[in-house]
Amino acid sequence: MALTASPFASLRRAVALAAFALAGVAQSAPALADVKVGIDLSTTGPAAVIGITSKNAMLMWPKTIAGQRAQYIVLDDGSDPGAAVRNIRKLINEDHVDVIVGPNVTPAALAALDAVADSHTPMITLIGSASVVEPQEGKRVWAFKMAQTDSAMADVMTRYMSNHGVKSVGFIGFADSYGDSWLKEFSTFAKLRHIELVATERYNRTDSSVTGQVLKLVAARPDAILVAGAGTPAVLPQRELIERGYKGAIYQTHGIATPAFIKLGGKDVEGTLFPTQPVVVARTLPADHPAKKAALAFVNAYEAKYGPDSVTQFAGDAAGVYPRLDDAVARALKTAKPGTEAFRAALRTALEQAHELVVPNGVVNTSASDHVGLDQRASVMGIIKGGKFVYLNQ
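Positions -33 to -1, 1 to 361 (mature numbering (1 follows the signal peptide of the UniProt record, and there is no 0)) are the ones given, in order, by the sequence shown.
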């Protein structure tokens, strides 16, 4: 009697043949390469309070971008522009990333322009100053920016000042490009609104005393004083002003919006007025604000992971990078493959084409001449009240 194969044996052969056929298909159509995102942040040093919250938000990003697997490579620059440039060159030349995210301090972002332009790698920075993207020519065509510009923030701040009777202002800001940018932009809008700048002082992020500068400011008797600093180093001049008995209004920039600023400043920063973006005051935003839904969703998710009152504007900016990338990568993939110069160029072009894209800190509309894309929907006034950042009506 002839022997016949069991039905189970026939099934095994069929499965083996099918697997072999599928393997052949896989070899003939290789999978698209991963999208590599190189990230440089200041998670140590004077700007750590900014970089750490940005990193926390990035740890919440999905593992895919536009349906493609993503690799995130995060490096710390220690708040040192030189280290930031070394990190970015490593990410570009050794890790072969498709896009750079960061740095999160202005001097580092400006220092990085050569590296990204030389390699034709788009860079999405997390800084406040527009100096890294304006004017849109030369090396700056490879740079984009998440945070609202100092110009837009100075606009909303001086409008509030004018509406509330401020006629003269004293200025003390960082002695670096952040302070330079704020002095320039504030001066422009102050002049437009007939606000006189009566005293100008500067200090370093690492200074332990500003007594001399504050005495000069107080002697000028301004209606209000603007401290143009960021993170916890912005507390120092304000504390000194309070100790010297200054009774006028104290304004800060959007760079203060971290819980650490309130914790360090305590009662000395209560009542501080500042321009900010939607995430910082999400719970007290008007119901009809176009970014409130996205801002509140992010705040709730972030604070569920990192604790109550832990969110910052910088975390919101970092969270917004992901939808920006997701939107742009989807278009770039139609013309090029990740890991190539063609893809980096396509991604740069795609980042210029965001249209009414809602992110936690505003609504983005970019173009070849605008690598920020935020309008006044991303600028609001806030006040520190009861140890919290609260939305302030104009």
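Every residue, glycine too, gets a C-beta built ideally from N, C-alpha and C. Source: prediction; values computed, not measured.
Item checked: Where the beta strand (DSSP E) through ALA191 begins and ends -> 191 to 195
Checklist line | Through-space distance from ALA119 to ILE67, alpha-carbon basis | finding: 25 Å
Note to self: Quick check: does the Cβ of TYR269 come within less than 8 Å of any heavy atom belonging to the ligand ADP?
What the structure shows: For the structure depicted, the ligand ADP is absent and the ligand set is empty, with no information on it obtainable.
Note to self: Here's the rule I'm using: 16 or more other beta-carbon atoms within 10 Å means buried, otherwise exposed. How should residue 382 be labelled?
What the structure shows: Residue coverage of the chain in this structure runs from -33 to 361, which leaves residue 382 outside it and unanswerable.
Check: Taking the alpha-carbon positions, what's the ALA195 to GLU319 distance?
Finding: 30 Å
Next item on the list: Would you give the residue range spanned by the alpha helix (DSSP H) that ARG206 belongs to?
Entry: 202 to 210
Check: Is MET348 helix, strand or coil when you go by DSSP?
Finding: strand
Margin query: Between the alpha carbons of ASP122 and PHE153, how many angstroms are there, rounded?
Written below: 8 Å
Check: On the three-state DSSP scale, how would you describe GLY274?
Finding: coil
Margin query: Would ALA37 and ASP7 qualify as a contact pair, given that the criterion is a beta-carbon distance under 9 Å?
Written below: no
Item checked: Contacts around ALA82, its chain only, beta-carbon distance under 7 Å, and the 5 residues preceding and following it disregarded -> VAL52, ILE55, ARG56, ILE59
Note to self: Rounded to whole angstroms, what is the Cα-Cα separation between SER175 and PRO257?
What the structure shows: 41 Å
Margin query: Extract the residue ranges of the alpha helix (DSSP H) inside the region 227 to 272, only unbroken runs of 4 or more that lie entirely within it.
Written below: none
Next item on the list: Using beta-carbon positions only, say whether MET90 and TRP109 come within less than 9 Å of one another.
Entry: yes
Item checked: Sequence-distant residues of the same chain with beta carbon closer than 6 Å to ALA286, five excluded per side -> ALA24, PHE265, PRO327
Next item on the list: Under 8 Å Cβ to Cβ from GLY349, same chain only, skipping five residues before and after it: list those, please.
Entry: ALA224, LEU240, PHE241, PRO242, THR243, VAL247, VAL248, PHE356, VAL357, TYR358, LEU359
Check: By Cβ distance, which residues of its chain are closer than 7 Å to ALA33, with the 5 residues on each side in sequence left out?
Finding: ASP293, VAL296, ALA297, LEU300
Check: Looking at C-beta atoms only, is the number of pairs between the region 129 to 143 and the region 88 to 102 that lie closer than 8 Å three or more?
Finding: no
Item checked: Cα-Cα separation, ILE139 to ASP190 -> 14 Å
Margin query: Only counting the same chain, and skipping five residues up and downstream in sequence, which positions put a Cβ closer than 6 Å to that of ALA186?
Written below: none
Check: So, PHE156 versus VAL339, is the Cβ gap smaller than 9 Å?
Finding: no
Checklist line | Cβ shell of ARG250 (< 8 Å), same chain only, five flanking positions each side left out | finding: LEU263, VAL266
Check: Given ASP1, which residues of its chain have a CB within under 6 Å of its CB, disregarding the five upstream and five downstream residues?
Finding: ARG36, GLN38
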